[in-house]
Amino acid sequence: MSTTRKHTALPKARILIEALPWLTRHNGKVVVIKFGGNAMVDEELKEAFAQDVVFLHQAGLKPVVVHGGGPQISAALDKHGIVSEFKAGLRVTTEDAMDVVRMVLAGQVQRELVGLLNQHGPLAIGLTGEDAHTITATKHQPEIDGELVDIGRVGEITAIDTGAIEALLADGRIPVVSSIARSQDDGHVYNVNADTAAAALAAALGAETLMVLTDVEGLYEDWPNSDEVISRLTASQLEKLLPELSAGMVPKMEGCLHAVRNGVTTARVIDGRVQHSILLEIFTDEGIGTMVVPDAEEDAEEGEAE
940 MSTTRKHTAL PKARILIEAL PWLTRHNGKV VVIKFGGNAM VDEELKEAFA QDVVFLHQAG
1000 LKPVVVHGGG PQISAALDKH GIVSEFKAGL RVTTEDAMDV VRMVLAGQVQ RELVGLLNQH
1060 GPLAIGLTGE DAHTITATKH QPEIDGELVD IGRVGEITAI DTGAIEALLA DGRIPVVSSI
1120 ARSQDDGHVY NVNADTAAAA LAAALGAETL MVLTDVEGLY EDWPNSDEVI SRLTASQLEK
1180 LLPELSAGMV PKMEGCLHAV RNGVTTARVI DGRVQHSILL EIFTDEGIGT MVVPDAEEDA
1240 EEGEAE
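Under our numbering, the first residue of the sequence shown is numbered 940, with each subsequent residue one higher.
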């Protein structure tokens, strides 16, 4: 064997070996991944995302993908002459807008993602929260300046039924879930925040990990004065920080908090602008982004250290 071949092969082998303890730890575990941000609109990042998810599946994990579609929804509403309005960081969703939201999420974004995943085999199956009562919601009315505000068909999740997703996972498939919910009480459907939906599904599935792709490196320690990323924090530490966070980060971090307080082992916000960020986060020692852990875990570790 030539020296050149030895040199190029060895680093590859080392990378694979570094993944071994993580492969063992995560084998058979459910990982819920919220697909969004730049990774959703950039062609190369989309391809890399699909490869990562298929890799997790082939490596013995059970990925579940949850997605919204903010940019695509805005573009479609413009095309239909419907004005996009936001209140309390949420899209005001009229009946007309809801038809477009449903069409874009289930008929465009989900189809494209399912197609990308299925280039690698008969793996992905798309569903929305409406299917088999997967996600149920009631009308969400945010409070602005002490007043409840009507933002239309935006839902607050009241129940999750994991039956369909668990059946797909047992069959070796990759569920791809659009963040639309059935109504608990009025026969309509609701637009639900995809970060919130991913967190609720992760908790209901007893997932090992919730991963939220975003367009920043993670949670910054002292933004905008510093771009130092907090690499790990507990649920209580995160709760204290919530009031200071930017509007876009709040549903992501609230989702992470909900997940780890309800049985999910770790929740992570990772930079979806980095190709293969999911693999880097799950299979290497140098995790990227911000990881949230339950309080109890931190206490136990301190106890062991004493």
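Beta carbons: idealized from backbone N, C-alpha and C, even for Gly. These numbers were taken from a predicted model, which means no experiment stands behind them.
Going by DSSP in three states, residue i sits in which element: helix, strand or coil?
i	result
G1065	strand
S1118	coil
H1006	strand
T1153	strand
V1022	coil
V969	strand
R1030	strand
T1101	coil
E1220	helix
E1225	coil
L959	helix
E986	helix
L1107	helix
L1044	helix
S1013	helix
H1215	coil
I980	The identity of residue 980 in the sequence shown is Val, whereas the question assumes Ile. Here V980 sits in coil by DSSP.
L1180	helix
Terminal residues of the continuous alpha helix (DSSP H) containing residue i?
i	result
R1092	From DSSP, R1092 is part of no alpha helix (DSSP H); its letter is neither H nor E.
T1135	1133-1144
E1051	1049-1056
A1198	1188-1200
Since residue i is in the beta strand (DSSP E), which residue starts that stretch and which ends it?
i	result
V1208	1205-1210
A1076	1074-1078
Between residue i and the rest of its own chain, which residues show a CB-CB distance below 7 angstroms, the 5 nearest in sequence each way excluded?
i	result
A1103	L1066, D1070, A1071, T1073
Just list the residues that DSSP pairs residue i with in beta bridges.
i	result
V1128	R1121
M1230	R1171, R1207
K1001	V969
T1148	V970, T1205
I1083	E1086
L1158	I1169
I1096	A1076
I1113	A1063
Here's the rule I'm using: 16 or more other beta-carbon atoms within 10 Å means buried, otherwise exposed. How should residue i be labelled?
i	result
K1191	buried
F1222	buried
S1117	buried
K951	exposed
P1182	exposed
N1132	buried
R1092	buried
I1119	buried
H946	exposed
P1061	exposed
I956	exposed
T963	exposed
P960	exposed
Leaving aside the five residues before and after residue i along the sequence, list all residues of the same chain whose C-beta is less than 8 angstroms from its C-beta, in chain order.
i	result
I1227	E1156, G1157, I1209, D1210, V1213, S1216, L1219, E1220
V1039	I1012, A1015, L1016, H1019, I1021
E1024	R1030, V1031
Excluding the 5 residues preceding and the 5 following residue i in the sequence, name in chain order all residues of the same chain whose CB lies nearer than 6 angstroms to its CB.
i	result
A958	F1222
R1030	none
A978	L984, F988, L1152, G1211
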